[in-house]
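Numbering (this note's numbering), first residue to last: 0 to 397.
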């Protein structure tokens, strides 16, 4: 009964700091009971108290790790009510799908002028049409081409934005776009894999997810509203994969191992996750550094475990799982929809004020959810130094 009540009454009330959402406790109890019932039915005997406690503990831990809030069970409405954003301009990178798409849709529905970025112009045009139909908003929407893994594309973006002549500064730059895995490309000798970004000597994930947003934010700084402008960076709970400063420095070094990159050898799946986690760690640090350096409001967000096509370049086993209805049903117990995942970003982009440099999850400040390593600002130093070295040709004051 308590579980059902929690499903029907959405809440983001913290439970003693243990759970991102109070529903997590009710969900844990419900699922543990369900497992017990299944065990009774299948084995012909009741689940033991120890097993029940272990099940609850495991589910609470998973809820804590994912910060997903089991949002698909909280009956959130499709459209979140919010203040009018008429006259304000929001830039959302990677908005043709997933979290970025629904971030742009929600902002546009609230009256904002939205500028989205995509890697291909045709995709951008199609996305603009789709967003207009879905959001029901009437404000302008524009699409600009941007390849975050290419520094020349990033540096060209401010001029492309100014060419739109919107007559208003950027209210919020939302660094949403990201990558995981390596897209196959066709060469004369057949299909190969791209593992290096166009940031010279930098692995693709780190180039797209870390260096691209850092460079873009610096280049767009002068375009931000001088009074109300801010920047939001998409972080992730995946940053927790790095436990120590030594491990962080090891991954940073691997991301610029020119010999490995030139060999074209694809990193192991474990290394790919490490690179992705550190790329999101960099975004968390960037929010802190951007605020301290420029006194411009900035925050990083963890959208939750969101079921999108983000993993399209992951190894084939993940593609199989994403197409398996049973696997997707199980994943849906943990994950948010793309719209639900976008709400924390929207909150940070539109709230009257934010905790500058802080980390958000489930639509609230959640610095306590950072890993111990990420909470220790002394560990920012190797990241800042690494970024400065990589961006030196493009941003002398990185």
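Ideal Cβ placement from N, Cα and C applies to all residues, glycine included.
When the Cα atoms are used, residue 263 and residue 180 turn out to be separated by approximately 13 Å. Per DSSP, residue 358 is one residue of the beta strand (DSSP E) stretching across 358–360. Per the coordinates, the alpha-carbon of residue 294 lies some 9 Å from the alpha-carbon of residue 288.
Taking C-alpha positions only, residue 386 is separated from residue 232 by approximately 16 Å. Between the region 126–134 and the region 369–376 there are fewer than three C-beta pairs closer than 8 Å, too few to call the two in contact. In this model, residue 80 and residue 265 are separated by some 45 Å (Cα to Cα). Only buried fits residue 150, as 16 or more other CB atoms lie within 10 angstroms of its CB. Listed in chain order, the beta strand (DSSP E) elements of length 3 or more contained wholly in the region 125–158 are 140–144. If you draw a straight line from the Cα of residue 378 to the Cα of residue 250, it comes to about 14 Å. Where residue 300 is concerned, the enclosing beta strand (DSSP E) starts and stops at 297–301. Taking 8 Å as the cut-off, the beta carbon of residue 358 is found closer than this to the beta carbon of residue 283. Rounded to the nearest whole angstrom, the CA to CA distance from residue 122 to residue 147 is 16 Å. Distance check between residue 256 and each of 216, 196, 224 places 196 closest, using alpha-carbon atoms only. With contacts defined by Cβ atoms closer than 8 Å, residue 390 and residue 214 form a contacting pair.
Looking at the backbone, the Cα of residue 168 and that of residue 227 are separated by about 10 Å.
Proximity of the region 159–175 to the region 216–224 meets the contact definition, three or more beta-carbon pairs being nearer than 8 Å. Within the model, the alpha-carbon separation for residue 278 versus residue 110 is close to 32 Å. If you look at residue 387, you'll find it isn't in any beta strand (DSSP E); it sits in the alpha helix (DSSP H) that goes 379–390. As computed with DSSP, residue 171 is found in a beta bridge with 89, 229. Annotation for residue 277: the continuous alpha helix (DSSP H) segment containing it runs 268–293.
Residue 244 carries a helical assignment under DSSP once its states are collapsed to helix, strand and coil. The C-beta separation of residue 356 from residue 259 comes to about 33 Å, leaving the pair out of contact by the 8 Å criterion. Residue state for residue 115 is assigned as strand, using DSSP reduced to three classes. In this structure, the beta-carbon distance from residue 170 to residue 242 does not fall below 8 Å. Of the candidates 166, 112, 305, 194, the residue whose Cα lies closest to the Cα of residue 131 is 112. DSSP places residue 346 in the helix class (H, G or I) of the three-state scheme. Per DSSP, residue 102 is one residue of the alpha helix (DSSP H) stretching across 97–108.
In the assembly as shown, residue 120 is an exposed residue. Its beta-carbon has fewer than 16 other beta-carbons within 10 Å. Cα atoms of residue 163 and residue 82: separation of roughly 25 Å, rounded to the nearest angstrom. Residue pairing for residue 363: DSSP places it in a beta bridge opposite 360. With contacts defined by Cβ atoms closer than 8 Å, residue 268 and residue 254 do not form a contacting pair. Here residue 210 has 198, 389 as same chain residues with Cβ atoms under 6 Å from its own Cβ, once five neighbours each way along the sequence are excluded. Rounded to the nearest whole angstrom, the C-alpha separation of residue 118 and residue 234 is 21 Å.
Take residue 160, set aside five residues on each side of it, and the residues of its chain with a beta-carbon closer than 8 Å to its own are 90, 114, 143, 169, 219, 222, in chain order. Listed as beta-bridge partners of residue 264 by DSSP are no residues whatsoever. DSSP lists 169 as the bridge partner or partners of residue 223.
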